[in-house]
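Visitor: Quick note: to get my numbering, add 27 to the position in the sequence shown (first position is 1). Would you mind keeping the following structure in view while I ask a few things?
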Amino acid sequence: MECRTYDECACAEGRAELPSGKIERQKKMEFNILTLFPEMFSAVNTSMVGRAVSNGLVSLNVLNIRDFSTDRRKNAADAPFGGGQGMLMMPQPLFDALESVDAQEKRVLYMSPRGKVMDQELITDLAKEDELVLVCGHYEGIDQRVLDHFRCEEVSIGDYVLTGGELPAMVLIDAVARLIPGVLGSRESALDESVYSGLLEYPQYTQPHNYRGMEVPEVLRSGDHERIRLWKFEQSLRLTRDRRPDLLEAFLKSHKDLTKRERKIVDAVLAE
Ligand code: ADE
28 MECRTYDECA CAEGRAELPS GKIERQKKME FNILTLFPEM FSAVNTSMVG
78 RAVSNGLVSL NVLNIRDFST DRRKNAADAP FGGGQGMLMM PQPLFDALES
128 VDAQEKRVLY MSPRGKVMDQ ELITDLAKED ELVLVCGHYE GIDQRVLDHF
178 RCEEVSIGDY VLTGGELPAM VLIDAVARLI PGVLGSRESA LDESVYSGLL
228 EYPQYTQPHN YRGMEVPEVL RSGDHERIRL WKFEQSLRLT RDRRPDLLEA
278 FLKSHKDLTK RERKIVDAVL AE
């Protein structure tokens, strides 16, 4: 199981509430992907998402933008008007590719470093759709008329610049797919709105309990579920305080209803 937050782990253990935005239906999610490098998407056909594709929970419709070019040489890019560096992806192949998947009627995302930075809230929102269209740019980007006409939402995966939108699109697909019921096994449940949502995940240990003299914390082997729960909570709080004080602040603001014991732990961690 790979969960970032205390909360996701709590959910995986079956203790957490169902998220309010949970997806009720067993549904199939279709990703239409427009790219100049379709072969890159073979990577998402492996692992969990690959299994979801085989199980019919996710479908990937990968279109090569170049196939839609009416240009004799199948060109898809040209120099920008007004000067500037590099090449821009031309409107014609993109318009035709987008129209071929009825993108006017759908939520279209353009992967771009100038977009809204992706977070779990956006991913949860995207997971409610039945279908998404992802446009992967290359070179210096794409003609603005494409973005305007198809009302593209620009989405970034972080404040750094990659050579194209394919890897960001794969990140998005992976993050959205794991929220679709049935994609993760019950042991890897991805519910993420328990009482502790928004804290970083506590440290975890597996067998053996003593490895090269390094012991697993005693509490985790105590069998005392409440003590274990509070220990995990405390560890999550400490990590979040040290690594992501912004998340801790948001957590404390939105969790005024902690139990007495939890409150005591919060006060102690803040006072350390
Ligand atoms: N394309 C290039 N860099 C990107 C980024 N950081 N996020 C999304 N798309 C991109």
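Don't be surprised by glycine CBs; every beta carbon is placed ideally from N, CA and C. Since this is a predicted model, take the numbers as computed values, not measurements.
Below 8 Å on the Cβ atoms is my contact criterion, and I expect Y187 with V162 to pass it. Report the Cβ-Cβ distance as a whole number of Å.
Guide: 19 Å between Cβ atoms; not a contact.
Visitor: Which runs of the alpha helix (DSSP H) spanning at least 4 residues fall entirely within the segment 140-217, listed in chain order?
Guide: If we require 4 residues or more, the alpha helix (DSSP H) runs fully inside the segment 140-217 come out as 147-153, 171-176 and 193-204.
Visitor: With a threshold of 16 other CB atoms inside 10 Å of the CB of A106, please say whether the residue is buried or exposed.
Guide: Burial call: exposed.
Visitor: Does the ligand ADE have a heavy atom nearer than 7 Å to the CB of L61?
Guide: Outside the cutoff, so no.
Visitor: Answer yes or no: the CB of Y187 versus the heavy atoms of the ligand ADE, is any distance below 7 Å?
Guide: It does: the Cβ of Y187 is within 7 Å (strictly closer) of some heavy atom of the ligand ADE.
Visitor: Between the alpha carbons of R99 and R93, how many angstroms are there, rounded?
Guide: If you take the alpha carbons of R99 and R93, they lie about 11 Å apart.
Visitor: Starting from V85, trace the beta strand (DSSP E) both ways and give me its first and last residue.
Guide: Taken as a continuous stretch (DSSP letters only), the beta strand (DSSP E) holding V85 covers V85 to N91.
Visitor: Kindly list the residues whose CB is nearer than 6 Å to the CB of I27, restricted to its own chain and excluding five residues on each side of it in sequence; keep chain order.
Guide: Examination of residue 27 is not possible in this model, given that the chain is present from 28 through 299 alone.
Visitor: Taking the beta strand (DSSP E) that F122 belongs to, which residues open and close that run?
Guide: It is not in any beta strand (DSSP E) - F122 instead sits in the alpha helix (DSSP H) that spans P118 to S127.
Visitor: Could you have a look at T73 and say whether DSSP puts it in helix, strand or coil?
Guide: Note: T73 maps to coil in three-state DSSP.
Visitor: Let me check one thing: in DSSP terms, what residues is E242 bridge-paired to?
Guide: N237.
Visitor: Entirely within the segment 268-296 and at least 4 residues each: give me those alpha helix (DSSP H) ranges in chain order.
Guide: As far as the segment 268-296 is concerned, its whole alpha helix (DSSP H) runs of at least 4 residues are 272-281.
Visitor: Quick check: the Cα distance between V80 and D294, rounded to an integer number of angstroms?
Guide: Distance between the alpha carbons of V80 and D294 is about 46 Å.
Visitor: So, I255 versus S249, is the Cβ gap smaller than 8 Å?
Guide: In contact: I255 and S249 (Cβ atoms closer than 8 Å).
Visitor: So L61 is in the beta strand (DSSP E); what residue range does that whole segment cover?
Guide: Where L61 is concerned, the enclosing beta strand (DSSP E) stretches over M56 to T62.
Visitor: For R205, count neighbouring Cβ atoms within 10 angstroms of its own Cβ and tell me buried if that reaches 16, exposed if not.
Guide: Buried: at least 16 other Cβ atoms inside 10 Å.
Visitor: So if DSSP puts Y137 in a beta bridge, which residue, or which two residues, is it bridged to?
Guide: V162 and E181, per the DSSP bridge assignment.
Visitor: Within the same chain, show all residues whose beta-carbon is closer than 8 Å to that of E289, passing over the 5 residues directly before and after it, in chain order.
Guide: Only L257 and F260 meet the Cβ criterion.
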